[in-house]
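Written below as C-alpha cells is the structure these notes are about.
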Amino acid sequence: MPKNLLSISELGADGLQHLLLLTESFRAGRKENRSPALKDKRVAMAFWEDSTRTRLSFETAAKNLSADIISFGAKGSAVSKGESLRDTAETLEALGADCLIVRHSSSGAPLQISRWVKTPVINAGDGCNAHPTQALLDCYTIKNHLGSLEGLRILIVGDIAHSRVARSCIRAFNFLGASVSLCAPSTLMPPEVQTWDVEIAENLEDSLERADVVYLLRIQKERQTEALLPSLREYQHRFGITSKRATLLKDHALIMHPGPINRGVEIDNSVACSERAVVTDQVRNATAVRMAVLYDLLAEDNGAH
Ligand code: NCD
51 MPKNLLSISE
61 LGADGLQHLL
71 LLTESFRAGR
81 KENRSPALKD
91 KRVAMAFWED
101 STRTRLSFET
111 AAKNLSADII
121 SFGAKGSAVS
131 KGESLRDTAE
141 TLEALGADCL
151 IVRHSSSGAP
161 LQISRWVKTP
171 VINAGDGCNA
181 HPTQALLDCY
191 TIKNHLGSLE
201 GLRILIVGDI
211 AHSRVARSCI
221 RAFNFLGASV
231 SLCAPSTLMP
241 PEVQTWDVEI
251 AENLEDSLER
261 ADVVYLLRIQ
271 KERQTEALLP
281 SLREYQHRFG
291 ITSKRATLLK
301 DHALIMHPGP
311 INRGVEIDNS
321 VACSERAVVT
331 DQVRNATAVR
341 MAVLYDLLAE
351 DNGAH
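Under this note's numbering, residues 51 to 355 are what the sequence shown spells out, in order.
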C-alpha cells in the first residue's frame with residue numbers, strides 16, 4: 051500500500067483486495083478484537099467538514115488498535131481566525147500525529163496536505179472527488195452478503211454529479227468485476243460520465259428488475275451551487291425507491307446507502323426498514339475496514355514497513 055490513501059485508483063485492484071482480506075481478520079474477532087498494534091501511534095482526525103459515521107468509525111478503529119487520537123474540527127478552531135489549511139495540518143503534525151485523516155469540502159485538499167506534511171494522509175472525503183474508505187466498506191458489505199462482486203449488476207441512483215462516494219465506488223466496483231449503471235436526473239449527471247466505465251440507465255424500473263445491488267445517494271444540496279431540481283417531491287416521484295418500486299427487485303437484491311439518509315426522498319421509510327436494506331451493516335463494517343487501513347499504513351510489524 052502507498053504511504054497515503056487518497057483514492058481507489060491509486061490503491062489499485064490488488065491494494066483493494068489486500069485491504070478487504072485484512073478487514074476480514076479484524077472482523078473475525080468483532081468487539082473483542084482490540085489490539086495493541088498502534089499503541090505508540092497518534093492518529094489525527096482533521097475534519098474541516100461535518101461527519102457522523104466516517105468520523106466515529108475512524109475514531110473507534112483507532113481506539114480498537116490502541117492509538118491516541120488528536121481531534122480537530124473546523125468549528126471551534128482557529129480556522130475562524132483565518133488559519134490556513136497548511137498551518138493547521140502542520141500544527142497537527144507538530145503535535146506528534148503519525149497520520150492525518152482528512153475530510154474537506156474542497157476536492158484535492160488531502161492531496162495538497164500530503165505534499166506539505168511527512169506523515170501519511172488518509173482521505174476521509176474531499177469535495178465531490180473521492181471517499182476511498184467508504185468504497186472499501188461498501189465492497190466489503192456486498193462481499194459479505196452476496197459472496198463476490200464478480201459479475202454483479204450494481205445500479206447507483208441519485209445525485210451522481212456531487213458524489214465523491216459514487217466516484218470511488220464506481221472505481222472499486224469495476225476493479226472487483228461488477229458492472230455499474232447510473233440513474234439520475236440529467237442535471238445531476240456529471241459531464242465526465244462519458245469517460246467512466248458505466249452504463250446510463252434510461253429507465254429506473256427496468257434497471258431495478260435487473261440489479262443485484264441498488265446504491266442510493268442523497269441529494270447533496272450543500273455541494274450544489276444552483277437549483278438543479280424542480281423540487282424534492284418531483285425527485286421522489288421519479289427516482290425515489292418507493293415500496294411499490296421495491297417490489298420489482300430480485301429476491302436477493304440489496305439496497306445500500308452511505309448515509310445520511312433523507313427518508314421519504316431517495317427512499318421510503320418502509321424500504322429503508324426492510325431486510326434488504328443493509329445500511330446499518332455498512333456502518334458496522336466501517337470500523338473493521340478502517341482498522342485495516344490504519345493498521346496497513348501505521349503498524350510497525352506490518353510487512354509494508
Ligand atoms: C457521504 C459523504 O459524506 O460523502 N457520507 C458518508 O461519508 N457516510 C455521503 C453524503 O454526504 O451524502
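Note that CB positions come from ideal geometry on N, CA and C, so glycine has one too.
Nothing here was measured: the structure is a model prediction, and the numbers come from that model.
**OP:** Give me the Cα-Cα distance between Gly290 and Gly314, rounded to the nearest whole angstrom.
**Re:** Here residue 290 refers to the residue found at position 240 when the sequence shown is read from its first residue. Here residue 314 refers to the residue found at position 264 when the sequence shown is read from its first residue. Going from the Cα of Gly290 to the Cα of Gly314 covers about 8 Å.
Original post:
In three-state DSSP terms, what is Ser85?
Top reply: Translated into positions along the sequence shown, residue 85 becomes position 35. Note: Ser85 maps to coil in three-state DSSP.
Original post:
Going by other Cβ atoms of all chains shown within 10 Å of its Cβ, with 16 needed for buried, is His302 buried or exposed?
Top reply: For the purposes of this step, residue 302 is identified with residue 252 of the sequence shown, where counting begins at 1. Around the beta carbon of His302, fewer than 16 other beta carbons lie within 10 angstroms, which makes this residue exposed.
**OP:** Could you tell me which residues DSSP pairs with Val264 in its beta bridges?
**Re:** Position 214 of the sequence shown holds residue 264. Leu205 and Ile305, per the DSSP bridge assignment.
Original post:
If you follow the alpha helix (DSSP H) that Arg221 is part of, which residue opens it and which one closes it?
Top reply: Start at 1 with the first residue of the sequence shown, and residue 221 comes out as number 171. It spans Arg214 to Phe225 - the alpha helix (DSSP H) in which Arg221 sits, taken as one unbroken run.
**OP:** Can you give me the Cβ contacts of Arg77 inside the same chain, cut-off strictly under 6 Å, excluding the 5 residues immediately before and after it?
**Re:** As a first step, residue 77 is located in the sequence shown; it is residue number 27 there, counting from the start. Closer than 6 Å at Cβ, skipping near neighbours: Ala338.
**OP:** Have a look at Ala327, Thr104, Arg203 and Ala211 and flag the residue whose alpha-carbon is nearest the alpha-carbon of Gln274.
**Re:** Residue numbering aside, residue 274 sits at position 224 when the sequence shown is read from its first letter. Nearest C-alpha to Gln274: Ala211.
Original post:
Is Asp256 helix, strand or coil by DSSP?
Top reply: Indexing the sequence shown from 1 puts residue 256 at position 206. In this structure, Asp256 counts as helix in the three-state DSSP scheme.
Subject >> Inter-residue spacing [alpha-carbon to alpha-carbon] between Ala322 and Pro310 >> reply: As a working note, residue 322 is residue 272 in the sequence shown. As a working note, residue 310 is residue 260 in the sequence shown. Roughly 12 Å between the two C-alpha positions.
Original post:
Mind checking whether Ala159 and Val167 have CB atoms under 8 Å apart?
Top reply: Walking along the sequence shown from the start, residue 159 turns up at place 109. Walking along the sequence shown from the start, residue 167 turns up at place 117. For Ala159 and Val167, no; Cβs fall outside 8 Å.
**OP:** Could you please give the first and the last residue of the uninterrupted alpha helix (DSSP H) stretch that includes His195?
**Re:** Within the sequence shown, the letter at position 145 stands for residue 195. Pro182 to Leu196 is the span of the alpha helix (DSSP H), which, as asked, contains His195.
Original post:
Out of curiosity, what's the CA-to-CA distance linking Leu238 and Glu276?
Top reply: Translated into positions along the sequence shown, residue 238 becomes position 188. Translated into positions along the sequence shown, residue 276 becomes position 226. Their Cα atoms are separated by approximately 11 Å.
Original post:
Tyr190 to Ala124, Cα distance in whole Å?
Top reply: Mapped onto the sequence shown, residue 190 falls at position 140. Mapped onto the sequence shown, residue 124 falls at position 74. When rounded, the distance between both Cα atoms is 31 Å.
**OP:** For the segment 100-182, list the beta strand (DSSP E) runs that are entirely contained and at least 3 residues long, ordered along the chain.
**Re:** The segment 100-182 contains these whole beta strand (DSSP E) runs: 118-123, 149-154 and 171-176.
Original post:
Among all the DSSP beta bridges, which residues are the ones paired with Ser93?
Top reply: Translated into the one-based positions of the sequence shown, residue 93 becomes position 43. Checking the displayed sequence, the identity of residue 93 turns out to be Val instead of Ser. Answer is Ile119 and Cys149, bridged to Val93.
Original post:
Going by other Cβ atoms of all chains shown within 10 Å of its Cβ, with 16 needed for buried, is Asn319 buried or exposed?
Top reply: Counted from its first residue, the sequence shown places residue 319 at position 269. Looking at its Cβ environment, which holds fewer than 16 other Cβ atoms inside 10 Å, Asn319 is exposed.
Subject >> CA nearest to the CA of Gly197, picked from Ser155, Leu304 and Thr297 >> reply: Mapped onto the sequence shown, residue 197 falls at position 147. Ranking the options by Cα distance to Gly197, first place goes to Leu304.
Original post:
Where DSSP assigns a beta bridge to Leu232, which residues make up the other side?
Top reply: To locate residue 232, count along the sequence shown from 1; it is residue 182. In the DSSP output, where bridge partners are listed per residue, Leu232 has Ile206 and Ile250.
Original post:
Taking the alpha helix (DSSP H) that Glu284 falls in, what are its first and last residues?
Top reply: The residue you call residue 284 lines up with position 234 of the sequence shown. DSSP places Glu284 in the uninterrupted alpha helix (DSSP H) bounded by Leu282 to Phe289.
Original post:
So what's Arg313 in DSSP terms, helix, strand or just coil?
Top reply: As a position in the sequence shown, residue 313 is number 263, starting the count at 1. In the three-state DSSP reduction, Arg313 falls in the strand class (E or B).
Original post:
Say the cut is 7 Å; is the CB of His181 nearer than that to a heavy atom of the ligand NCD?
Top reply: Counting from one through the sequence shown, the residue named residue 181 turns up at place 131. Taking 7 Å as the cut-off, one finds at least one heavy atom of the ligand NCD near enough to the beta carbon of His181.
**OP:** Go to Ala296, then tell me how far its alpha helix (DSSP H) extends in each direction, as first and last residue.
**Re:** Reading the sequence shown from its first residue, position 246 is the one you call residue 296. Per DSSP, Ala296 belongs to the alpha helix (DSSP H) from Ser293 to Ala296.
Subject >> C-alpha distance - Tyr285 paired with Leu72, whole-angstrom precision >> reply: Against the sequence shown, residue 285 aligns to sequence position 235. Against the sequence shown, residue 72 aligns to sequence position 22. Approximately 40 Å between the Cα atoms of the pair.
Original post:
Between Gln274 and the ligand NCD, is the CB less than 7 Å from at least one heavy atom?
Top reply: As a working note, residue 274 is residue 224 in the sequence shown. With a cutoff of 7 Å, Gln274 does not count as near the ligand NCD, since its C-beta is closer than that to no heavy atom of the ligand.
Subject >> Outcome for Lys91 when other beta-carbon atoms lying within 10 angstroms are tallied against a minimum of 16 >> reply: By 1-based counting over the sequence shown, the position of residue 91 is 41. Buried: at least 16 other Cβ atoms inside 10 Å.
Subject >> As assigned by DSSP and simplified to three states, the class of Leu56 >> reply: Sequence index remark: in the sequence shown, residue 56 carries index 6 (1-based). Note: Leu56 maps to coil in three-state DSSP.
Original post:
Got a sec: does the ligand NCD put a non-hydrogen atom nearer than 7 Å to the Cβ of Gly62?
Top reply: In the sequence shown, residue 62 corresponds to position 12, counting from 1. No - the ligand NCD has no heavy atom lying nearer than 7 Å to the Cβ of Gly62.
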